[in-house]
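Residue numbers (the working numbering): 1 to 406.
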């Protein structure tokens with residue numbers, strides 16, 4: 001028999017039993033859809049975040065309050081555990097070109113009697129301003145940046161300006177932050193997430209006065225000197241802060257991270273999430289595989305006489321084996337194709353919902369050829385493997401016994 005004959009016979013069998021075939025592929029379809037949809041979002045998110053870190057530059061080091069690594073630091077970011085003294089000590093570390101602190105606090109913003117909770121960011125307005133703007137992706141849509149001489153001036157996020165309040169806020173508008181009046185001098189471009197786009201940025205001095213916390217620093221950014229290795233400089237900063245803050249190694253109340261370390265930490269978290277998703281999807285694929293096996297066993301029983309006739313007119317065991325393996329593989333492949341299309345739809349839908357509900361532009365589905373081709377091949381292999389035992393049973397049937405089967 002020719003290879004084309006194998007596919008023709010397998011396809012005819014699937015079409016003849018179309019209802020059973022459609023029900024059989026549901027498990028494969030759900031599993032592949034989940035894998036493609038969610039992994040595409042993960043890949044897109046990882047690519048977007050990597051792009052943001054690349055814009056920041058590899059010569060930047062971030063110091064945050066809170067021990068227990070990057071995750072611990074992020075959870076205690078609003079709580080100020082760093083001080084101006086820490087900034088001064090970091091500036092003295094060999095390999096550090098510049099260092100400066102920023103203050104993050106939760107506050108209330110009042111515009112014409114309408115009050116909203118917002119994040120208030122105190123930004124340096126000295127030589128560290130450009131570095132802070134690069135790290136925080138601060139880009140103006142309207143107006144100007146803050147100046148060293150500014151007092152009671154603020155920048156507002158894109159959503160804060162248009163969408164957060166009933167009335168649109170423009171340049172020159174007066175906003176009361178914690179009952180203190182500030183003037184809007186700049187509106188920022190969207191940063192890609194609702195939290196940042198709803199924030200207020202003021203000078204570090206104004207922020208400290210507003211919250212009556214003259215020594216407070218939530219996070220510190222440091223830029224390394226040309227030729228200095230960021231990882232080595234980060235180690236020196238850790239050593240310096242341990243000594244000046246009188247803290248033991250392993251019990252620090254701060255976290256020092258290079259741009260590469262931040263990206264690696266994010267990738268590890270994303271990898272764990274992806275592994276969990278794949279694990280859940282694997283259960284669906286296993287159920288789908290069992291469904292294919294059950295369908296193929298039923299098909300062998302129903303077609304026993306047909307197998308006997310084929311063998312009687314010259315079909316070999318290998319021919320019968322190939323027909324049933326291809327049939328089960330095609331069940332898997334069809335489930336894979338439908339699952340891939342559904343997964344792409346799921347990924348795009350998640351992207352649209354994230355942008356509409358959260359204002360996030362980081363959740364972009366990325367459908368790489370490797371992901372799509374890999375999903376299709378994997379679904380075919382699952383189908384073929386699930387049909388191996390039924391195919392072997394069909395191939396081992398003796399023509400005489402098969403022809404006698406009722």
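The beta carbon of each residue, even a glycine, is placed where N, CA and C say it ideally should be. A quick note: this is a predicted structure, and the numbers were derived from the prediction, not measured.
With 16 other Cβ atoms within 10 Å as the buried cut-off, status of residue 316: Here residue 316 is exposed. Its C-beta has fewer than 16 other C-beta atoms within 10 Å.
Integer Cβ distance of residue 61 from residue 282, believed to fall under 8 Å: In this structure, residue 61 and residue 282 do not form a Cβ contact; the two beta carbons are roughly 40 Å apart against a cut-off of 8 Å.
Bridge partners - residue 114, DSSP secondary structure assignment: Looking at the DSSP output, residue 114 bridges to 111.
Where the alpha helix (DSSP H) through residue 378 begins and ends: Its alpha helix (DSSP H) spans residues 369-386.
Assumed close pair residue 100, residue 221 - CB separation to whole angstroms, cut-off 8 Å: So it is a contact: roughly 6 Å between Cβ atoms.
C-alpha distance - residue 348 paired with residue 286, whole-angstrom precision: Those two C-alpha atoms are separated by around 26 Å.
DSSP three-state assignment for residue 296, whether helix, strand or coil: Under the three-state reduction of DSSP, residue 296 is assigned to helix.
Distance between residue 58 and residue 210 (C-alpha atoms, nearest Å): CA-CA distance, residue 210 to residue 58, rounds to 34 Å.
Whether residue 326 touches residue 7 by CB criterion (8 Å): Contact check for residue 326 against residue 7 passes: the beta carbons are separated by less than 8 Å.
Buried versus exposed, by CB contacts within 10 Å (16 or more), residue 279: The residue in question, residue 279, is exposed, as its Cβ has fewer than 16 Cβ neighbours within 10 Å.
Under the three-state DSSP convention, the category residue 221 falls into: Residue state, collapsed to three classes: strand.
Residue span of the alpha helix (DSSP H) that contains residue 141, given as start and end: Annotation for residue 141: no alpha helix (DSSP H) segment contains it, though the beta strand (DSSP E) segment containing it runs 140-143.
Residues bridged to residue 279 (per DSSP): Note: residue 279 sits in no beta bridge, so no partner.
Touching by the beta-carbon criterion (3+ pairs, under 8 Å), the segment 391-402 and the segment 330-343: Segments in contact, no.
For residue 266 and residue 66, the rounded distance between their alpha carbons: The straight-line gap from Cα to Cα measures roughly 17 Å.
C-beta contact flag for residue 42 and residue 284 at 8 Å: Result no, Cβ atoms of residue 42 and residue 284 do not sit closer than 8 Å.
The alpha helix (DSSP H) enclosing residue 324, as first and last residue numbers: Where residue 324 is concerned, the enclosing alpha helix (DSSP H) stretches over 317-353.
Any non-hydrogen atom of the ligand NAP closer than 7 Å to residue 234 Cβ: As far as ligands go, the structure on display features none, and thus does not contain the ligand NAP.
Under 8 Å between C-beta atoms of residue 187 and residue 109: For residue 187 and residue 109, no; Cβs fall outside 8 Å.
Residue 259 versus residue 49: straight-line alpha-carbon distance, rounded: Each residue's Cα considered, the two are about 11 Å apart.
Which listed residue (106, 247 and 307) has its alpha carbon closest to that of residue 208: With distances taken between Cα atoms, residue 208 lies closest to 106.
DSSP state of residue 389 mapped onto helix, strand, coil: Here residue 389 sits in helix by DSSP.
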